C-alpha cells in the first residue's frame, strides 16, 4: 500500500514538471473554478477527466486503519451537458491482532446531466445518478454488498467573485432484496428454486434507503488555489446495510465536517487534499477517528 502511494506521488510530480508551462490563469473565474467535492475528490459538473482518490480512515470501528483507492473516469457529451462515468474502489485493511486484508469494492456506472442555464454562467444545476453492481458472494475478494444499489443527487452551485457555494441532496437506494442465507448456497441452484434443508437464520441486517445531504463553501485565493470547508449528513447512520440492533452502536444519523485545499497546477491537472472529521465522537459507535482524502485528476479536451 505504501508503494502505491509513493508511485502516485511520483506520478503527480512528473506531470507537474512536464506541464508546468500551463498555468490555468484565465481571467474568468468560471473558467478555472473546478467545483471539487471535498468528500470525494470528484468534479461536480460534467467533465472529461480521470481521477485517482486515496482515502485514509484512521481507527475504524473494527480497530483498523482503512485505505481506499478509487479510480474514477468520466466523459462528457453535448458540449458538457451530459456525461457518463464509472468508478472502482480497492480497500486495504490494516488490522490489529490479525492479518491485513485487501478487497475490491462495489463498481458503479453513472451519469451527470446539466439541463438548464447557460454553461458559461457562474451557477449550475446538475442531476446525477449511478448504479452499483453486486460485489459477488466471495467476501475474501470483494466487499460492498452482493446486491444492486442506486444513487441519485441534485446539485446546485453558485460562484460569486472569489466564493463558490455547492449543495447536494440525494441518497442511496437498494435495488435488490436480501437473499435468504440458505445452507446449500454453494450447490448452484437459485435459492428461490430450492427446497431449504433447514430454516435460514434471521438476517442481522436489512436494506434501507439512505439520505445524503452535503454543502460546502470554497474560497479562491487565486484562480489556481482554493480553500474549502463543508458538512455532510447521512441518515441512517449505517447506510444501506442497516443493522437491526437498536443500541448505541447504531445511532440514527451520521455527520461529518471537512476542510482542505485544491490546486490547479496546470490547465488540465488538479490535486486536492481534505481532512474529514466525524462529529459523533463516542468510541463505542463512531465509524472512524478521522479521515484524509487525497485526489489527483487529469482533464482532456476543451474546458
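Numbering (this note's numbering), first residue to last: -2 to 300.
Each residue gets a CB set at the ideal place from its N, CA and C atoms; glycine is no exception.
Note that the structure is a prediction, hence the values are computed from the model and not measured.
(request) Measure how close the beta-carbons of residue 257 and residue 35 come, nearest whole angstrom, since I'm counting them as under 8 Å. (result) 5 Å
(message) Residues in the same chain with beta-carbon distance under 6 Å from residue 290, minus the five sequence neighbours each way, listed in chain order, please.
(response) 38, 52, 271
(request) Find the nearest neighbour of residue 237 within the set 219, 295, 171, judged by alpha-carbon distance. (result) 171
(request) Measure the alpha-carbon distance for residue 132 versus residue 157 and round it to whole angstroms. (result) 42 Å
(request) Determine contact between the stretch 74 to 85 and the stretch 100 to 120, defined as no fewer than three beta-carbon pairs at a distance below 8 Å. (result) yes
(request) Have a look at the DSSP bridge pairing and note the partners of residue 207. (result) In the DSSP assignment, residue 207 is bridged to 169.
(request) Name the two residues that bound the continuous beta strand (DSSP E) containing residue 51. (result) Start and end: 46 to 57.
(message) Spatial neighbours of residue 92 within its chain, please: C-beta separation below 6 Å, excluding the five flanking residues on both sides.
(response) Correct list, in chain order: 61.
(request) Go ahead and label residue 250 buried or exposed: buried means 16 or more other beta carbons lie within 10 angstroms of its beta carbon, across all protein chains shown. (result) exposed
(message) In this structure, how does DSSP classify residue 352 when only helix, strand and coil are distinguished?
(response) The displayed coordinates of the chain run from -2 to 300. Any statement about residue 352 would go beyond what the structure contains.
(request) Let me know the secondary structure DSSP gives residue 297 once reduced to three states. (result) coil
(request) Take the Cβ of residue 181 as the centre, count every other Cβ of all protein chains shown within 10 Å, and call the residue buried at 16 or more, exposed below. (result) With a pLDDT of only 44 at residue 181, under the threshold of 50, the placement of this residue in the model should not be trusted, and no figure is reported.
(message) Within the continuous beta strand (DSSP E) that includes residue 276, where are the two ends?
(response) Run containing residue 276: none; DSSP gives neither H nor E here.
(request) Return the first residue and the last residue of the beta strand (DSSP E) that residue 255 is part of. (result) Its beta strand (DSSP E) spans residues 251 to 261.
(message) Considering Cα atoms alone, identify which of 219, 214, 218, 222 is closest to residue 229.
(response) Minimum Cα-Cα distance from residue 229 among the listed residues 219, 214, 218, 222 corresponds to 214.
(request) Out of 144, 269, 226, 71, point me to the one whose CA is closest to residue 204's CA. (result) 144
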